[in-house]
Amino acid sequence: MVQVAEERRTRRRRASVPPPVVFALVLIPFTLEVVGVFWPAINGVWLSFLNWNGFSAAEFVGLDNYARMFTDPVFFTALRNTGIWLILFGGISFVGGLAVALLLQSERRGVGIYRSALFLPIVFSLVVTALIWNAIYQPNGILNIVLTNLGLGDWTRLWLGDPSTALYAVIVAALWRQIGYVMILFIAGLKAIDPAMLEAARVDGANWWQRLRYIVLPQLRSVNLVVLSVLIIDALRSFDIVYAMTGGGPFRSTELLSTYMFEAAFTSRQLGYGSALAVVIFLLAVGVIISYLVRAFSESKED
């Protein structure tokens, strides 16, 4: 009996210990994450305290790279443009994506064509998107031709060469690609809403706006969180489309923190200052997302 009990305890102990393949499935991705993500991030923070051009010996300068930002006019221009980009790109993507999703959520004949047409730009890379819109914005491009034919010749201009319009012209190109993606996220959320709830509200006399405000939007709260997080991160890391269309010009009018970081780190060979700008971008993204999460959780508690 004692031997049987001992064998049972041994089998139970062996059953409670996961097989080696489980440890491998956990440790390998964790190691890759540490080596490929966390270590470069920590190394980037350390570089922000150095004065280094990538070749000569690095010099520890403490917080000098961060203090330099307060006297750098280009940094404030890039910060202002990043704020404009975040509000317009994020806000219009959110509202436009939701509006299109509400319009195209029902399964009607031909609605798939419109969904596909709106989602199609997402399959293009941002560089290809930049090339398409560069052609549209050319002095003899389709936009100026359409305006001229409509009798609005005074509105024609060199859209990407005019500092007053260049940033907004690039934002339009980025929105063209982003709204379809946001639409798909919202349609997935709308499909999860119980139709019986909407039908009951309709029977009770609720109009379209009341159903949207009191049923649809509250039911989309979790989707809103995902969409806003994606948009904030996309807005703050926007780089390739701006770099491909304008390179930050003309006269820094489209300079974002991301493009300025690239210029400082890889063109001017100021790796320390570029790393400090990268840390600021990271802190901005974390700060904005945490602020929204705190507000969202506070509202959910009140409800």
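Whatever position you read off the sequence shown (first residue = 1), add 1365 for this note's numbering. For each residue, glycine too, the CB sits at the ideal point set by N, CA and C. All of these numbers come straight from a predicted model, not from anything done at the bench.
State the Cα-Cα distance for the pair residue 1554 and residue 1491, rounded to the nearest angstrom.
26 Å
Using only the alpha-carbon positions, how far apart do residue 1543 and residue 1440 sit?
26 Å
Grouping DSSP H, G and I as helix and E and B as strand, with all else coil, what is residue 1484?
helix
Evaluate contact between the region 1627 to 1642 and the region 1411 to 1430, counting only Cβ atoms and requiring at least three cross-stretch pairs below 8 Å.
yes
Looking at the secondary structure, which residues open and close the alpha helix (DSSP H) in which residue 1527 lies?
Here residue 1527 belongs to no alpha helix (DSSP H), and DSSP marks it neither H nor E.
Using C-beta distances below 6 Å, list every residue in its chain close to residue 1641, excluding the 5 sequence neighbours before and after it, in chain order.
1413, 1430, 1431
Between residue 1619 and residue 1496, what straight-line distance do the alpha-carbon atoms span, to the nearest angstrom?
17 Å
Mapping DSSP to helix, strand and coil, what is residue 1420?
coil
Using 9 Å as the threshold, is the C-beta distance between residue 1613 and residue 1621 below it?
Yes. Within cutoff.
Within a Cβ cutoff of 7 Å, which residues of the same chain sit near residue 1638, ignoring the five residues on either side of it in sequence?
1430, 1433, 1629
The alpha helix (DSSP H) that contains residue 1571, what's its start and end?
Unbroken run through residue 1571: none, as it is neither H nor E.
Nearest-angstrom Cα distance between residue 1493 and residue 1484?
15 Å
To which residues does DSSP link residue 1636 through a beta bridge?
According to DSSP, residue 1636 bridges with nothing at all.
For residue 1446, count neighbouring Cβ atoms within 10 angstroms of its own Cβ and tell me buried if that reaches 16, exposed if not.
buried
Are residue 1566 and residue 1580 close, meaning C-beta to C-beta below 9 Å?
It is a contact, given that the beta carbons lie within the stated cut-off.
Which residue's Cα is closest to the Cα of residue 1636: 1397, 1395, 1424?
1424
My output table needs one value for residue 1451: the three-state DSSP class, helix, strand or coil.
helix
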